[in-house]
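Colleague: Residue numbers (the UniProt record's numbering), protein chains in the order written: chain E, 1 to 153; chain F, 1 to 153.
Virtual Cβ for every residue (Gly too), placed ideally from N, Cα, C.
Encoded as structure tokens, here's the structure I'll be asking about.
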DNA sequence: CGCTTCTGGTTGACATGTCACCGATCGCGG
DNA sequence: CCGCGATCGGTGACATGTCAACCAGAAGCG
């Protein structure tokens, strides 16, 4: 038996896979370009600020933020350093745990987010949701859920 | 009328969107890690080699390769330089057009691709397709087609 | 032919992301 | 209280990706 023969993709799968690869490369690139052109924020900056402002306090432990974004800690650390240098967020010592820090949105960060959001959301609407039926949106969420579950954590 | 009020995402859309963002961040990262662990290739390397070996001659104009991958030309140029340094591909002058180059897979590149492919395909199967129904695979392709069409080109 | 413009591709500076490793603190068992 | 592994987070070196500027050959046009 050739039981160790790889399970190659069927034509259907191959087509879906290649299209998906193209999409995951091009859509974020496009959104990033739109954000940079219309605001002071990059797409990663935007993500960080969205998650921070999701919470009332506008303040999150680095670890919590990392969990929400699902970023590696070193990536997050580097990015926070860059955002801190630009005055978008601030690190503050954490009273409860001497090792940790809390990340706080600054006024400038909040202002930048508010300025960037409308055009960004409109772009997402136009590029993605305007073309999809409600059923497709559900399918998209289901597919993402399924695969994310297989990725673990 | 507040006709310039941004069209915020509905809850359904918001959920689908956030899951999709997570997926597009984490799945490529995972695939890249698997490739690097099990072979000499990164995910971008793999993409380049797949497209090159798609053609019988194993040789493509830089421009053609760029179109197939949908990469920016400078990204492709940088990446080819790195791959050339590692002996995976070779640039050759193009007879038909003095400005252009042809990219050729080397024996080492071909060997690396053949060595990396089985484990990579198996990983894609396990993480993605084993969890999805045939209908979901079709939905995935349709969604990708639709959004790619809206991205233009 | 000679001039301009367009095109294929490269380069350098810089932003982003990853890996491997470090250092401090916490928390728990002895 | 001490010791020690686990946890929180940062750092440096490096790979990857982007933007803008550039250069050489091609192509159109007088």
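What does residue 115(E) reach in chain F if we use C-beta pairs closer than 9 Å?
Modeller: Within chain F, no residue comes near residue 115(E); the closest Cβ sits about 12 Å away, beyond 9 Å.
Colleague: Any beta-carbon of chain E closer than 9 Å to the one on residue 30(F)?
Modeller: Yes, contact with chain E.
Colleague: By Cβ distance, which residues of its chain are closer than 8 Å to residue 27(F), with the 5 residues on each side in sequence left out?
Modeller: 127, 128.
Colleague: Quick one: is residue 148(F) near chain E, going by C-beta distance under 9 Å?
Modeller: So, interface residue.
Colleague: Quick one: what does DSSP say residue 137(E) is sitting in, helix, strand or coil?
Modeller: Of the three classes helix, strand and coil, the one that applies to residue 137(E) here is helix, per DSSP.
Colleague: Name the chain E residues that come within less than 8 Å of residue 7(F), Cβ to Cβ?
Modeller: Ordered by position in chain E, the residues that pass the 8 Å Cβ test against residue 7(F) are 121, 122, 125.
Colleague: Please report how far the alpha carbon of residue 154(F) lies from the alpha carbon of residue 149(F), in whole angstroms.
Modeller: Because chain F in this structure spans residues 1 to 153, residue 154(F) falls outside the shown range and cannot be described.
Colleague: Leaving out the 5 sequence neighbours to the left and right, which residues in its chain are closer than 8 Å to residue 225(E) when beta-carbon positions are compared?
Modeller: Because chain E here runs from 1 to 153, residue 225(E) falls outside it and cannot be looked at.
Colleague: Across which residues does DSSP place residue 101(E) in a beta bridge pair?
Modeller: Paired residues: 93(E).
Colleague: Kindly indicate which three-state DSSP category residue 65(E) falls into: helix, strand or coil?
Modeller: The answer is helix: DSSP assigns residue 65(E) an H, G or I state.
Colleague: Scan the segment 43–63 of chain E for residues whose Cβ lies nearer than 7 Å to a Cβ of chain F and list them as they occur along the chain.
Modeller: Going along the segment 43–63 of chain E in chain order, one finds no residue with a Cβ nearer than 7 Å to chain F.
Colleague: Assign residue 133(E) to buried or exposed, taking buried as 16 or more other Cβ atoms, counted over all protein chains shown, within 10 Å of its Cβ.
Modeller: It counts as exposed.
Colleague: Find out if the Cβ-Cβ distance for the pair residue 45(E), residue 79(E) is shorter than 9 Å.
Modeller: Contact: yes.
Colleague: If you measure between the beta carbons of residue 6(F) and residue 137(E), is that distance less than 9 Å?
Modeller: No, the pair does not count as a contact, with Cβ atoms beyond the cut-off.
Colleague: Any beta carbon from chain F within less than 9 Å of residue 12(E)'s own beta carbon?
Modeller: It does; some Cβ of chain F falls within 9 Å.
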